[in-house]
Structures are given as structure tokens and as C-alpha cells.
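Beneath this line is the structure, given in C-alpha cells, with notes to follow.
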Amino acid sequence: MTTEIDIIRPDDWHLHLRDGAMLKAVAPVSAALYGRAIVMPNLVPPVRTLEDLRAYRSRVQAALPGDTRFRPLMTLYLTETTDPAAITEGAASGELTAVKLYPAGATTNSDAGVKDFSRVHEVLEAMQKAGVPLLVHGEVTDPAIDIFDREAVFIERVLAPLRKDFPALRIVMEHITTEEGASFVGEGDENLAATITPQHLIINRTDIFKGGIRPHLYCLPIAKRENHRQALRKAATSGSPKFFLGTDSAPHLVSLKECACGCAGIFNAPVAIPYVAQVFDEEGALDKLEGFVSRNGPAFYRLPVNEDRIRLRREAPDPAIFRSVDAGEDGSVVVFRPDRPLEWSVVSD
Ligand code: NCD
Ligand code: ZN
């Protein structure tokens with residue numbers, strides 16, 4: 001029975017680092033383990049221009065330990081006024097790794113997102129030409145659509161038509177949560193991939209209400225029924241290069257989670273890799289773990305894999321791993337802790 005595994009250092013292909021005191025608190029946590037991360041642009045105000053992107057990258061770098069090997073990969077937030085020339089310039093200089101599409105109002109800080117897709121055609125054309133991936137938050141915002149159906153309806157109404165209009169555009173469907181998402185991506189060509197989060201591999205929607213309402217298990221897209229969790233576990237452990245880890249670690253102050261209208265977002269940065277290892281162990285697929293966390297992402301993004309390795313062991317971690325992270329005078333951030341013991345640890349990083 002495997003109790004220890006050595007893998008290429010992982011990357012996180014979907015991460016929220018925020019800004020200010022929160023950025024200083026959480027950036028070192030991800031930098032301690034990952035080689036690189038795709039840094040989400042949904043700040044307030046969002047990262048909309050190359051100037052915004054350069055300024056944010058400097059703030060991220062300033063929040064990292066001096067000797068870090070961690071590399072933030074920066075993204076732009078797509079709006080109806082994004083300049084196609086910024087795509088071409090950012091791609092050519094290597095400063096821009098991807099562009100994020102939030103349908104307006106779909107999730108935290110998405111108000112500046114896209115309402116009318118016909119207005120972003122030129123930008124998408126520039127991305128298609130330059131090979132810049134479009135990262136999609138795949139939920140419709142139509143209030144008539146039930147929250148549990150928003151991903152499936154998005155595929156039908158937005159993603160499938162988008163793929164027809166821009167067949168060579170490289171698209172990552174971020175944090176898929178449904179059977180429909182897994183099969184749409186699984187059946188697509190090499191220009192389509194998906195990230196999967198640890199939480200969607202571990203919890204289903206019933207867990208959010210177990211014994212009472214659990215704000216720290218609430219994120220968007222919301223966890224779905226058990227059959228969807230099973231479909232995601234199958235996709236992640238399948239060995240298909242189209243699926244890779246994007247933790248969607250999304251810190252919010254405890255005061256903004258535990259209140260009458262709590263924010264969506266789960267902070268999992270300290271525990272994501274050990275929990276994912278545990279999932280792969282449970283599925284009898286530890287041999288596929290390195291692909292999911294360290295190889296498939298770089299292959300899609302056309303980047304080399306990281307050069308060094310980490311070691312994981314089947315043993316309970318120091319419980320301090322779950323200690324809330326202090327985010328300055330405004331409060332702290334609670335770490336993802338589903339109702340299952342964690343049985344894996346990172347023993348060398
Ligand atoms: C994210 C956040 O807090 O920025 N929240 C979340 O629930 N995942 C936004 C996002 O990725 O949808
Ligand atoms: Zn996110």
C-alpha cells in the first residue's frame with residue numbers, strides 16, 4: 001500500500017490573492033507550496049488594463065517572501081471595454097497569461113463583468129489569434145434559473161455557442177461542479193479544459209446544511225448533488241489531460257462569512273494539496289495525482305512543468321494547519337475544514 005508519494009511541484013491554476021492586508025496574509029501560504037498560480041483579477045476595482053495588471057503584479061511580488069520561487073501568473077478581467085490591443089501587447093511581452101470572463105453579477109466582485117457578449121467579439125478574436133486562454137466562470141446570471149442549474153444552462157446558452165463562434169479560442173471552464181461540465185469538457189477538443197477545486201471533490205450540497213448552515217462550505221459555483229461530486233472525482237482521476245487543479249482558494253474575513261448575507265468563497269490554500277491527495281488515494285488513483293496537480297495545467301498553458309518535487313505522506317498533519325490565518329486588524333480567515341479527517345500531509349516542500 002502506498003503511504004508516500006513524490007510528485008513534481010504542483011501549480012494552482014485558479015487562485016484569489018486579493019489585495020492589501022489580505023494579500024500579505026495569504027500570498028505566502030500559496031507561495032510555500034506551489035510553483036505558480038493563476039492570479040484572479042476580481043479586485044475592487046478589477047484588474048482591467050495592462051497598467052492595472054503591472055501594478056497588481058508588483059503588489060503581489062511585494063507580499064511574497066524575498067527568496068520565493070513562486071511565480072504569479074497574471075490575468076485581466078474581461079469587460080465590455082477591454083482593449084484588444086492590450087491582449088496583443090500583454091501576450092507578446094509575456095505579462096498576460098489569461099483573461100477571465102465573469103458574467104456580470106455571477107459571483108464575488110463580478111459587477112463589471114460581461115452583459116452583452118457581442119461587445120467582446122474583437123477581444124476574443126485577439127485572444128484566439130494570440131493563443132491567450134479565456135478562463136470562464138460558467139454560470140448564467142438569469143435570476144429565473146435555479147442556482148443549482150446555472151452551470152448546466154451556461155453551457156447550453158453561452159459556452160457551446162462561444163465554442164462554435166471561436167473554435168480556436170483556448171478556453172478553461174473554471175471550477176466545474178457538474179456532470180454536464182465534466183462531460184462537455186471531456187468531449188471537447190484540445191482547446192477546451194477545466195479546473196476542479198478540492199471542495200467540489202469532497203463536499204456535496206447536503207454537506208453545506210449538515211446540522212445547520214455552514215458558511216465556510218459556501219462558494220460559487222455552489223456544491224451540487226452527490227452524483228455531480230462523483231462525476232468530478234471520476235474526471236479528475238481519469239488521467240485525462242483536460243482536467244487540472246484550480247483551488248479557487250478565495251479568502252474572506254470571518255466577519256463577512258459568518259453574517260446574515262455571507263460572501264461566497266472557500267479559503268483552502270493551506271490544505272488543498274493534502275486533501276486532493278486523499279481524494280486520489282480514496283479513488284485508488286494516486287498514480288494520476290501528479291498529472292492532475294503538476295502536469296496537465298502546464299501542458300494546457302504551454303509552460304514547462306516545475307523542476308523540483310514535493311513529497312506527500314499518508315499521515316494526519318499537524319492540526320495547526322487548520323489554524324485561521326490572521327489578516328490584520330480587520331480579522332482572520334477560516335481554513336476549509338470539511339467534516340472528514342485529513343489523512344495526508346506534505347512532508348517536504
Ligand atoms: C470567488 C471570490 O470570492 O472571489 N468566490 C467563490 O465563491 N469562488 C469568486 C469566484 O471564483 O467565483
Ligand atoms: Zn474563483
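Going by the UniProt record's numbering, the letters in the sequence shown line up with residues 1 to 349, in that order.
The beta-carbon is built from N, C-alpha and C at its ideal position, and this holds for glycine as well.
Integer-rounded CB distance, given that residue j should sit under 8 Å from residue i
| i | j | result |
| --- | --- | --- |
| Glu139 | Pro103 | 7 Å |
| Leu64 | Pro28 | 7 Å |
| Ile171 | Ala130 | In fact, because the Cβ distance is near 14 Å, the residues do not count as touching under 8 Å. |
| Ala264 | Val26 | Not confirmed; about 17 Å, so no contact. |
| Pro84 | Val123 | 5 Å |
| Glu80 | Lys115 | 7 Å |
| Val279 | Leu201 | 5 Å |
| Leu159 | Met173 | 7 Å |
| Asn109 | Asn42 | 4 Å |
| Tyr8 | Arg302 | Note that residue 8 corresponds to Ile in the displayed sequence, not to Tyr. So it is not a contact: roughly 17 Å between Cβ atoms. |
| Met127 | Leu169 | 6 Å |
| Ala277 | Trp344 | 4 Å |
| Pro241 | Gly291 | 7 Å |
| Phe244 | Ala193 | 7 Å |
| Glu76 | Val99 | It is worth fixing the name first, because residue 76 is Leu in this sequence and not Glu. Right, their Cβ atoms sit about 5 Å apart. |
The ligand NCD heavy atom lying under 7 Å from the CB of residue i
| i | result |
| --- | --- |
| His252 | yes |
| His216 | no |
| Cys261 | no |
| Asp265 | The identity of residue 265 in the sequence shown is Gly, whereas the question assumes Asp. Because some heavy atom of the ligand NCD lies under 7 Å away, the Cβ of Gly265 counts as near it: yes. |
| Leu73 | no |
| Thr107 | yes |
| Leu43 | no |
| Leu135 | no |
| Leu289 | no |
| Leu162 | no |
| Leu220 | yes |
Contact test: residue i Cβ vs the ligand ZN heavy atom, cutoff 7 Å
| i | result |
| --- | --- |
| His200 | no |
| Asp11 | no |
| Asp111 | no |
| Met22 | no |
| His175 | yes |
| Met40 | yes |
| Asp248 | yes |
| His228 | no |
| His16 | yes |
Cβ-based burial, residue i [other Cβ within 10 Å; buried from 16]
| i | result |
| --- | --- |
| Asp281 | buried |
| Ile147 | exposed |
| Ser255 | exposed |
| Asn306 | buried |
| Ala37 | buried |
| Met40 | buried |
| Val335 | buried |
| Gly284 | exposed |
| Lys164 | exposed |
| Val347 | exposed |
| Met1 | exposed |
| His121 | exposed |
| Thr3 | exposed |
| Ser118 | exposed |
| Pro133 | buried |
| Ser30 | buried |
| Glu12 | The question names Glu, but residue 12 in the sequence shown is Asp. With 16 or more other Cβ atoms within 10 Å, it is buried. |
| Thr206 | exposed |
| Glu329 | exposed |
| Val44 | exposed |
| Arg323 | exposed |
Residue i CB to nearest heavy atom of the ligand HEM below 7 Å
| i | result |
| --- | --- |
| Asn306 | Among the ligands in the structure shown, the ligand HEM does not appear; only the ligand NCD and the ligand ZN can be found there. |
Contact with chain C by residue i, beta-carbon distance below 8 Å
| i | result |
| --- | --- |
| Leu245 | Given the protein chain composition of this structure (a single chain), no chain C is represented. |
Does the segment 212-228 come within contact of the segment 326-340, defined as at least 3 CB pairs closer than 8 Å? yes
Every unbroken beta strand (DSSP E) inside the segment 77-105 [3 residues or more]: 98-101
Is the number of C-beta pairs between the segment 206-215 and the segment 311-325 that are closer than 8 Å three or more? no
For the structure I just gave you, are there three or more beta carbon pairs, one from the segment 10-23 and one from the segment 245-265, closer than 8 Å? yes
Quick one: complete alpha helix (DSSP H) runs, 4+ long, within the segment 22-81? 50-63
Can at least three beta-carbon pairs, one atom from the segment 193-207 and one from the segment 163-180, be found at a separation below 8 Å? yes
Runs of 4 residues minimum, wholly inside the segment 106-190: which ones carry the alpha helix (DSSP H) assignment? 121-130, 150-154, 160-165, 179-187
Hey, which unbroken runs of the beta strand (DSSP E) at 3 residues or more fall wholly within the segment 251-329? 309-313
Let me know the alpha helix (DSSP H) ranges lying completely inside the segment 201-256, each 4 residues or longer, listed in chain order. 226-236
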